[in-house]
Every structure is written in structure tokens, then in C-alpha cells.
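This report concerns only the one structure given below.
In our numbering, the protein residues as written are 93 to 842.
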């Protein structure tokens, strides 16, 4: 408190005397400024009021042609031979374009530009003649003014009536109604644009303005744009003809105001100017005040420099110590310099630094150890963990979550980049669940979602658990855990597909066996030998189908588990053809289908010269090279393809087995039929397990057979495909490398 008290006394001693002197100067010149402002505002309002009165007199003089209209109307009425001027209504007499009234109105409208509208009303208050500025009165035709209260007032009083200011296309107008004899009425509208412009051009200072108001101190139309809405005291423009007030509150602050009345139109002229501007001191006073303030500033700067030299050194030491403390550097103490309370402050600061340093030494090692344990635990968890704040920013992600949601980079290579839930949770369902927790609609959520990377590659199916994190009964964020359940869900799906496929494929043979055995049992002793042979053949055929299905299932399991062993041996294309011919020779006659075998051979062996020259035309006569493969498995592929082709080729059709060279080191096998073909939308999954097509009341057989064919070809490191056009047959083809798969060739058994 001693330092603060001494500092206060010094500043008070240096500033009290100049402040008192400045106050006396301000009081002296403020009185003069107030009187000058009052005189200026009163003169401006009086001058504007005289301008308004002069304009009102001009408008009154411009209506002198009303007497001429009166005279012309009476003369026309007397000339008609009627005794009473009111005996014949005016509308009974046609006022043509060449009439005297027309010429009078036309002349006055041309001679007085401020007369924007001049019209003559009949006894029914409808316009009979009209001259108007088309820019301000775009509507054509005569108007009915029988409902105009101004017309009613003039007609009932028998004297001219001045209306309220109104706007026509943004331009202020003053309507005047002048009653005439014979039930006629003169209706004119004077333009006030020139008058309003002259009033607006009168300004006081930079922001002082003049306004025209009505008798209730409300601005006339056209003056309300910059009206500051003053709150008048008891003595205001609505009560006194003239006056002055130097403190009128408005929405924009305190203002000074003066007013003067315009008796002819029952208006008021009001001047408004911000009080701070109106009562500003004279330029001479400002120069004197500026010189004094400059001298006072120099004096205070010298005093501040003197005191700053005494205070700067210890304060710099305290600032440097605080910056070191912010960096967790508590060891270097602050020099204990300065006087008074500053010395006590530096001593207390050093004591605090020593306490923090000792606390840091005790706690930092334990905190680092606990942090390392937690990070090791979280990073090694196979589940993905994400911590997000309620502002949508990602606070923490472990390695698993980074690899799933942010890729391998993300926060690892660019830790300074801000990652949010919008660029992290790309999957819409998961993002919606996160947003529901961030919006505090829920406190926990569980979802199963399929995640994909940025290019659409499937990452797997994950069980996502979202929970709101609480700390001291306060929600601080959310935690999202991602557990991989892909294997579980794929296993369930595979099991269901397997069961459905087995049931589907076994149902046909079992139904046939049950049906034929029931027939044979019911008709025991009544069947001929040929019928019994036929039925037994059907039963045996169904049993063979069941046995083949079981063999396909076992072979599929072996191939998928990797336990299928290949017996690689060189086999010529002629061997394959002879084997297939022996199996399907009888079926060609029985089914009535023509079977074609077309073998063009495999590429001949390459000589050393041909290999060096890149040519093989000199070895065309050499024998063809055999195909290195598992004979039984490849024959099984060919028989499956031939069986499917014969099954779906109608009687009289054709099935062709072709074997030809495909390049230098491959051979192509193809089976082509003239059957019904396969729809284009089904070609994509003909080689999938348990996928079958129905056609011509026969099962297409694409359950396990084609799937096993594809797996066998893949084991030989070849490729298989299907080409089909509905109604024109199908073509199944596969290619095998001549050298066989990249593994040792097993010699054939004796």
C-alpha cells in the first residue's frame, strides 16, 4: 500500500493544478459557445419559417385563376337562359377540350411548374377536367374524389382547404381544394420538392439540420429519413411559437434545438444539432487548450520516465521469471531488487518458484510413468479408440483407430493439423451416431457398421460403442470404440449360404428318389422289368447327383482350406480329347446333340535360335508341348463344362470343345453351346457358390460345379471366364500356363 499511496500522491500533485486551470477555461468559453449556438439556431429557424411563409403566399397567389374559372362558369350558366345558376347541374353541360375552362387549366398548368395536378370536379365530386404530371400520376382517366375528406371539408365550409403533405412517387405534395359556384370544386396539388430542398440545404456545422414538422412535432413526409426522434420537454415546438433548448434527448444522444412556427400552413421549423458539436469551443480556445495539454503531457512523460526507471528493473525481472515458470523452468530465481512493495513481491515470487520446483521434481516422474503405462495399454488394444470433444474436434486416436478412420498418416505425420468428426467419421451411419451424442440427444449408442477406406475398399464390419464421458458430474466429451466383428459376421453369412445351398441341391435328388421308390412300392408286382429298370436308373442317377454334390462340397472345403494337393504332370491335348470323347460319345446319339472336338494344338517348343531371333517360323513342324497340370482336376473342369452345355442345349443343337494355343506360353480350353444363353446381369456371379439359374424347367447347375471349376483353374494359376448372349448360347473358356503353376512337377505314378 505504501507504493500505491506514494504513486497516487505524486500524480495528484502534478495533475490537480492543471486540471483546475483547464476547468476554469472550459467554463468561461462554454458559456460563450452556448450563446453563439442559440443565436445561430434561432436565426436559422426564423429564416426557414419566413421561407415557408413566402412559399405559402406564392401557392396562394397561384390559385388566382380560380376567380377566372368562377367567372367563366357563371357566364356559361347565365348564357344558357336559366334563371337560377343552380337550376341546371354542371354535368348536364359538356365541357369540351376547346372550352374556356380547359384553356384556363391548361394555361395555369403550363405557367406554374409547381402545380403537379390541376383538376376540376363536378357537383358529384368526379373530375371533369384534369392536367397532371405523367411522371408523378401514371394512372390514366378521371378520378372520383367524393370520399376525399379534404373535398368534403372545403365544400361544407365554402372556403379553400389545405390538406396534409403526401408523397407522389417519393415527391412531397400539398393538396388544396377551392370550392366554386354551381357545385364545382377546384382540386390542385402543389409540389413541395423545391421548398423542402431549400430547407434541407440550410445546415449548422457538420451534422446540424433543419426539419419541417406538423403541429404535433412529427416530421412531414420527406423529412423522416434522418429524424433522430427527440423527446421534447414541457416547453417544446408543439406549445410555443418559437423557442430554444440546449439539452434535448434523442436516440442519437443529447442535441440542441430551436423552433419557429409557420402560421399559414400550421407547420413548425425545427433545428437539431448534436450538443457536443453545437457547444464546441472556438478555434482560439482549442489552440490554447492544445498547447496546455501538450505542456501537461510533456511534464507527465518526464515524471513517468523518472518513476519508470525506478520500477522497470524489478518488473522486468518478474516478467522474465513468469515466462520461465510458463515453460516449467522453476530453478533460476528472480533478482530481489526494487524498493517498497516490489522487493516484497520478488521475495514472494521466488518462494513460489521454489515450491513449484520441488513439487515438479516429485510429480513429473510419476506422471510420466503413468502416462507411458496408459499409452502402452491403449495403443496395444486391438480395438479402435477415439476421444472427441463436444466442439467436434478429435482429442485422441490410438493406432487401430488411425488405420481405420484416418489412414496410416493422419495425426502421426501431421500432429498439428486439426482433425474433426466430419473428416474422420466418413461412414454416414457412424457419423450420425456421433452427432447425436455431441448434440446431447443420447448418452450412449451402439451400432454395427461396414467401414471402407477413401477409395471404397472394404475394411470390415465393426461393432461401434459410443459413450459420453463424465468428469465431476460434467460432460467433457465422447469415447468411440470400434471392435472388428468381420470374421464373426462372415462366418454366420457363410454358414447360412452353405445351409441354403445344401438344402437346395439335395432337395431335388431326394425328391426324385422318394418319388420313384414310392411308385415302385405302391405298384409292386405290377411293373414290368423295363419299368423297374427305368425307375431304378432314375434312383441311381439321383443318388449319383447326391454323391457328386458331397464330393463337390468336400473338394471345395479342401481348396479353400489349402489342403488340396496337385499332382502336376505333362498331359497332351489329345489325351484330354480322347477322355472326353469316351465319356460323351453315347450322349451325342441319345440327346440328339452334335458334339464337335476342335484341337489346334499347343505352341511348339522354342529352339535356341528362335528364342534369340524372336522367331518361331522355322520350328512349326516340331511337336507341340504338353500342358503341365493335374490331369484329373482339369478333366473334371472339362466334364463339368461339357455337362452344363449338354444340359442346356436343345435337341438338334451343337456343343463344341476347342483347345488351341493362346500366345507362346498358354493354352486355351473352351466349351461353346447353342443353348438358351445366360442373361447379361447374371454373368457376374455364375462362378459363385450356391448361385443357380433357372431356365427351360431345368436347373442350370451353377451351384458348386462352376465354383469348383474356377478354384481348380486358379490353383493352376490360370484364368476362367464366360461369354454369353441370350438366345444364342454360351461359351465357357479357361487358360492354363504350359509350364504349370510355380511349383515342382510331380512325376506320374506307374
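Beta carbons are placed, not taken as given, at the ideal position from N, Cα and C, and that holds for glycine.
- The DSSP assignment places no complete run of the beta strand (DSSP E) inside the region 406-478 (cut-off: 3 residues).
- In the structure shown, residue 620 falls within a coil segment according to DSSP collapsed to helix, strand and coil.
- Of the residues 203, 268, 249, 245, the one whose Cα lies closest to the Cα of residue 211 is 268.
- Note on residue 203: under 16 other CB atoms within 10 angstroms of its CB, so exposed under the neighbour-count rule.
- Where residue 542 is concerned, the enclosing beta strand (DSSP E) starts and stops at 536-544.
- Residue 193 and residue 213 do not touch by the CB rule: their CB atoms are close to 12 Å apart, not below 8 Å.
- Straight-line measurement puts the Cα of residue 386 at about 56 Å from the Cα of residue 486.
- Between residue 692 and residue 752, the gap from beta carbon to beta carbon is short of 8 Å.
- Around the C-beta of residue 666, fewer than 16 other C-beta atoms lie within 10 Å, and the residue is accordingly described as exposed.
- Residue 770 carries a coil assignment under DSSP once its states are collapsed to helix, strand and coil.
- Taking C-beta atoms under 8 Å as the contact rule, residue 728 and residue 804 qualify, at a distance of about 7 Å.
- Sixteen is the threshold: since fewer than 16 other Cβ atoms of the shown chains lie within 10 Å of the Cβ of residue 818, the residue is exposed.
- Closest in C-alpha terms to residue 577, from the list 244, 565, 556, comes 556.
- Contact between residue 237 and residue 270 is absent: CB atoms are separated by about 13 Å, not below the 8 Å threshold.
- For residue 289, the enclosing alpha helix (DSSP H) covers residues 285-292.
- The DSSP-derived three-state label of residue 295 is coil.
- Only buried fits residue 802, as 16 or more other CB atoms lie within 10 angstroms of its CB.
- Contact annotation: residue 497 and residue 471 have beta-carbon atoms that are not nearer than 8 Å.
- Counting other Cβ atoms within 10 Å of its Cβ, residue 321 stays below 16 and is therefore classed as exposed.
- About 7 Å separates the beta carbons of residue 144 and residue 361, which is inside the 8 Å limit, making them a contact pair.
- In the three-state DSSP reduction, residue 817 falls in the coil class, being neither helix nor strand.
- CA-CA distance, residue 688 to residue 609, rounds to 38 Å.
- In the structure shown, residue 567 adopts extended strand secondary structure according to DSSP, grouped into three states.
- Per the C-alpha coordinates, the member of 329, 383, 300, 265 positioned closest to residue 347 is 300.
- Using a C-beta cut-off of 8 Å, the region 334-351 makes no contact with the region 279-288, since fewer than three inter-stretch Cβ pairs fall below that distance.
- Taken atom to atom, the span from the alpha-carbon of residue 407 to that of residue 123 is near 47 Å.
- Rounded to whole angstroms, residue 809 and residue 826 show a C-alpha spacing of 11 Å.
- The three-state reading of DSSP puts residue 357 in coil, since its state is none of H, G, I, E or B.
- The straight-line gap separating the alpha-carbon atoms of residue 613 and residue 605 is approximately 12 Å.
- In the DSSP assignment, residue 553 forms a beta bridge with 542.
- In the DSSP assignment, residue 211 is bridged to 222, 279.
- The Cβ-Cβ distance between residue 370 and residue 297 falls below 8 Å.
- Counting C-beta pairs with one atom in each stretch, the region 666-686 and the region 718-733 have three or more that are closer than 8 Å, which means they touch.
- Annotation for residue 312: 257, 304 place their beta carbon closer than 6 Å to its own, counting only its chain and skipping 5 residues before and after.
- Taking C-beta atoms as the reference points, residue 157 and residue 196 count as a pair closer than 8 Å.
- Here the alpha carbon of residue 227 sits roughly 60 Å from the alpha carbon of residue 527.
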